[in-house]
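For reference, the structure discussed in these notes is given below.
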Amino acid sequence: MLLQSDDGILMKTLKHGITCENCACDFDFVFKALSADELKKIARHKHTRTYQKGEVLFYEGMEPFGVYCIATGAVKLYKTDQNGSQTILRIVKKGSLLELRALLARQNNSSTGEVLEDGEICFIDKKTIVSMIEKNQNLFFDVTKNLCAQLGDYEDKIHSLAKDSVRERLARLLLDLAKNFTKKKKNKNIIEINLSREEMAQLIGTATETLIRFLSEFKRDRLVAINGRKIEILDEQKLHALAGNLPAIY
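Taking numbering that gives the first Met the number 0, I'd label the letters of the sequence shown as residues 0 to 249.
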């Protein structure tokens, strides 16, 4: 779909007519420094398409040719060992830029990005994004701030995996999923993300059987209600107490 802007520029738009200037993503973390003209420049150079669950955006070890921006949906980042087993590093939601660290470091991707929920994702080529970062000091600082925040999150996760119990890590995971992927339905806080028990276990560094056991305990204690892969948060206050009110672990 194309949209005619005031200055005659034809801008590629998303399915629902969203441009870079009024995208539903939260651009506060990186793109807040961009002017209207700079957002139009991104619009001229980006390519947008709808991805289905299971499609791979990029592979571990592959050279990055640009960055992906999630407009809707979610993506999981994971590493694969020599036996083909996956370890999920984190789940990224709308507004996130993917491959930026590898691109700026001139390294190959350290993980694989796979679509976890159907959604629209934009691709911005390397030349465009690097040029804008080089020319805009505020954007440079915002990008640096974002990458430093990601590093801090990974440090928190390493500390949590080393020191916290599975019960604490699971409580924190549920709270973070509820924060980022909850849809209120008839005053119910239901986590709306299609994660398998194995994927949840990978996110907190435990065995699938252990995660299932603790989920059953949470259900027994009326902290959550479970219907298949859908989890409803029943007692957020008690989950916070279990989690110790620490930062998210992915």
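Cβ atoms here follow ideal geometry from the backbone N, Cα and C, with glycine treated the same way.
Closest residue to residue i among the options (Cα-Cα distance)
i: Val74; options: Leu103, Glu198 and Asn135; result: Glu198
i: Arg171; options: Val66, Ala242, Glu62 and Ala70; result: Ala242
i: Met131; options: Ala240, Leu233 and Leu33; result: Leu33
i: Asp124; options: Lys31, Arg219 and Ala42; result: Ala42
i: Tyr67; options: Ser84, Gln85 and Gly112; result: Gly112
i: Thr127; options: Ile225, His44, Ala35 and Ser215; result: His44
i: Arg105; options: Ile211, Glu62 and Asn82; result: Glu62
i: Leu176; options: Gly83, Gly118, Lys78 and Glu231; result: Glu231
N- and C-terminal bounds of the beta strand (DSSP E) containing residue i
i: Asp124; result: Gly118 to Asp124
i: Gln85; result: Gln85 to Val91
i: Leu56; result: Val55 to Phe57
i: Ala224; result: Val223 to Asn226
i: Ile192; result: Neither: Ile192 is in no beta strand (DSSP E) and is coded neither H nor E.
i: Lys229; result: Lys229 to Ile232
i: Cys68; result: Gly65 to Ile69
Boundaries (first-last residue) of the alpha helix (DSSP H) holding residue i
i: His78; result: Note on residue identity: the sequence assigns Lys, not His, to residue 78. Counting along the chain, Lys78 falls outside any alpha helix (DSSP H), though it belongs to the beta strand (DSSP E) covering Ala73 to Thr79.
i: Tyr153; result: Gln136 to Lys162
i: Val165; result: Val165 to Phe180
i: Ala101; result: Leu99 to Ala104
i: Arg48; result: It is not in any alpha helix (DSSP H) - Arg48 instead sits in the beta strand (DSSP E) that spans Lys45 to Tyr50.
i: Glu197; result: Arg196 to Ile203
8 Å contact criterion, which residue i and residue j should meet: CB distance rounded
i: Phe122; j: His239; result: Not really, about 38 Å apart at Cβ, beyond 8 Å.
i: Val142; j: Phe213; result: 38 Å between Cβ atoms; not a contact.
i: Lys93; j: Gly72; result: 7 Å
Separation of residue j from residue i, as counted between CA atoms
i: Leu115; j: Asn193; result: 7 Å
i: Leu56; j: Ala70; result: 14 Å
i: Arg221; j: Thr205; result: 22 Å
i: Gln85; j: Ser95; result: 22 Å
i: Ile120; j: Asp234; result: 34 Å
i: Gly227; j: Arg89; result: 22 Å
i: Ile203; j: Glu59; result: 21 Å
i: Asp36; j: Leu173; result: 40 Å
i: Asn108; j: Ile87; result: 15 Å
i: Thr207; j: Leu38; result: 44 Å
i: Leu13; j: Asn179; result: Bear in mind that the predicted position of Leu13 carries a pLDDT of just 47, short of 50, making it unreliable; the figure below should be weighed with that in mind. Cα to Cα, the separation comes out at about 22 Å.
Heavy atom of the ligand MG within 7 Å of residue i beta-carbon
i: Tyr77; result: The ligand content of the structure shown is nil, which means the ligand MG is not present either.
Assess, as a yes-or-no matter, whether the region 145-165 is touched by the region 41-60 under the definition of 3 or more beta carbon pairs within less than 8 Å. Flag = no, the region 41-60 and the region 145-165 do not touch.
Evaluate contact between the region 152-170 and the region 98-113, counting only Cβ atoms and requiring at least three cross-stretch pairs below 8 Å. The region 152-170 is not in contact with the region 98-113.
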